[in-house]
Amino acid sequence: MFITDDIRYVGVNDHNIDLFEGQYVVENGMAYNSYVIMDEQIAVMDTVDGNFTDEWLKNISDVIGDRKPSYLIVQHMEPDHSANVANFLDLYKDAKVVATAKAFVMMKQFFGTDYPERQIVVKEGDTLSLGTHTLTFVLAPMVHWPEVMVTYDSKDKVLFSADAFGKFGALDVEEDWACEARRYYFGIVGKYGVQAQALLKKAAGLDIQTICALHGPILKENLGYYLDLYNTWSSYGVESEGVVIAYTSVYGNTKKAVELLADKLTALGCPKVTVTDLARDDMAEAVEDAFRYGKLVLATTTYNGDIFPFMKTFIEHLTERGYRNRTIGLIENGSWAPTAAKTMLKMFEGSKNLTFTDTTVTIKSAVNTENEAQIAALAEELCK
Ligand code: FEO
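Per the UniProt record's numbering, residue 1 is the first one in the sequence shown, and the count goes up by one each step.
In structure tokens:
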């Protein structure tokens with residue numbers, strides 16, 4: 001795939017994967033991107049997943065022909081990108097490997113060697129000339145691991161952005177960028193908003209015409225759209241007005257309360273109401289929605305003196321990713337000692353800038369007329 005006159009795509013699509021990073025459902029597969037920069041000296045940007053060694057090496061040789069690469073640039077050591085570092089360096093014995101000091105520590109852990117005779121250790125602002133292209137290395141720690149750097153090619157104005165601006169989905173499937181990029185961002189990088197913001201500030205100082213991430217499509221047009229969304233996501237801003245109702249329901253009674261609330265919200269003109277069953281729907285999609293919208297309702301049962309397991313996991317996903325700047329309403333159900341609301345509230349104790357609604361709905365077994373009034377009051381509060 002042609003990116004610029006000198007830059008080619010040599011990545012691969014993975015449609016065999018069951019769960020990305022061992023937990024994310026990827027219905028449209030995954031892409032592991034890698035690029036070749038053709039110049040007086042050739043650089044290869046990152047490797048690909050270990051299941052695609054032959055395909056990737058062939059992609060490279062199809063582009064470079066009889067020439068040999070001088071450099072393998074390793075921006076990120078997570079194995080979806082680094083699994084073939086040793087294979088590449090075994091094949092291209094004169095190539096040097098360019099990475100941060102932290103990446104070389106991981107290289108030794110993964111491969112038993114950090115290639116002391118072949119390594120070029122780079123730090124913030126270091127440059128590498130390939131001839132007509134000069135690459136500048138920009139550190140991006142914790143986007144998404146500590147060793148990460150991104151690379152700017154000032155000739156073609158390309159930012160090789162590592163995991164930043166990545167998304168789920170293989171490149172041979174057409175799909176909306178934002179939905180799967182948002183699910184990817186909040187699932188994988190969401191905890192590191194501060195670090196993503198730091199990277200955006202550095203990127204603001206560069207004249208970027210193309211973003212080449214390690215996953216997802218090459219971004220060439222309307223870059224402001226992608227940069228704005230990344231700015232909203234990494235600053236924990238509200239992207240869209242609306243209410244997400246996330247629930248678990250053992251026998252359908254909590255679900256009934258949720259449906260009642262969703263109907264009331266819709267009737268009151270709430271711009272968007274999203275309902276998710278945490279036991280059955282994709283948890284990563286629910287996490288994405290919780291960060292996308294400004295208001296969240298959590299509905300669950302008291303269970304083993306705690307709360308229902310899927311809700312517990314969901315709240316943990318939110319709090320460990322720094323969930324903040326949102327309004328939360330609570331619905332609890334319990335047949336003899338309902339304490340779910342108290343437990344949920346406690347789980348958010350360490351979170352910043354959350355507002356809880358005055359109304360909490362407490363159901364004892366099944367929704368009664370008093371609950372109906374509480375649900376109406378909650379809907380009014382959320383629509384204020
Ligand atoms: Fe795509 Fe953090 O690896």
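Virtual Cβ for every residue (Gly too), placed ideally from N, Cα, C. Owing to the predicted nature of the structure, the values given are computational and were not obtained by experimental measurement.
Which residues DSSP lists as bridging residue i, in chain order
i, result
"R8", "F2, V36"
"V138", "V150"
"F314", "BP columns for F314 are empty, so no partner."
"M283", "Its beta-bridge partners do not exist; DSSP assigns none."
"G169", "M30"
"L278", "Answer by DSSP bridge pairing: none, since L278 is not bridged."
"T211", "One point to set straight first is that residue 211 is Ile, not Thr, in the sequence displayed. In the DSSP output, where bridge partners are listed per residue, I211 has L159, L219."
"V273", "V243"
"R326", "L354"
"Y24", "F20"
"T301", "N333"
"I363", "N333"
"D80", "Bridge partners of D80: none, in fact."
"A43", "I37, Y71"
"N253", "Bridge partners of N253: none, in fact."
"D14", "M30"
Residue i - DSSP class collapsed to helix/strand/coil
i, result
"Q119", "strand"
"D358", "strand"
"S240", "strand"
"L265", "helix"
"S234", "helix"
"F308", "coil"
"K96", "strand"
"E124", "coil"
"E259", "helix"
"R321", "coil"
"S129", "strand"
"T248", "coil"
"A337", "coil"
"I73", "strand"
"K295", "strand"
"I60", "helix"
"V105", "helix"
"G112", "coil"
"N368", "coil"
"L229", "helix"
"D66", "coil"
"E174", "coil"
"F348", "coil"
"A164", "coil"
Inter-residue Cα distance where the pair is residue i and residue j
i, j, result
"V258", "T136", "52 Å"
"T210", "K342", "49 Å"
"S235", "K220", "24 Å"
"F308", "H317", "15 Å"
"L89", "G237", "43 Å"
"Y184", "T300", "26 Å"
"A284", "I120", "38 Å"
"Q374", "N84", "58 Å"
"Y115", "V297", "52 Å"
"K123", "I363", "58 Å"
"V244", "S61", "49 Å"
"S154", "D66", "27 Å"
"D282", "A246", "11 Å"
"S365", "G329", "19 Å"
"A181", "A377", "35 Å"
"E239", "G294", "8 Å"
"residue 385", "E288", "Residue 385 lies beyond the range of the chain shown here (1 to 384); nothing can be said about it."
"D358", "E21", "39 Å"
"L91", "F314", "45 Å"
"T302", "A267", "29 Å"
"D156", "E40", "15 Å"
"D14", "N28", "9 Å"
Cβ of residue i within 8 Å of any chain C Cβ
i, result
"S351", "Absent from the structure is chain C; it holds one protein chain and no more."
Residue i vs residue j beta-carbon contact at 8 Å
i, j, result
"G166", "A213", "yes"
"G322", "A31", "no"
"L130", "A95", "no"
"H81", "V44", "no"
"V12", "E78", "no"
"I7", "V138", "no"
"G242", "T274", "yes"
"Y24", "G193", "no"
"V143", "D163", "yes"
"L206", "Y230", "no"
"L128", "V98", "yes"
"N325", "N353", "yes"
"A86", "F111", "yes"
"M347", "T319", "yes"
Any residue whose CB is nearer than 7 Å to a heavy atom belonging to the ligand FEO, listed in chain order: H76, E78, D80, H81, H144, W145, D163, G166, I188, L214, H215
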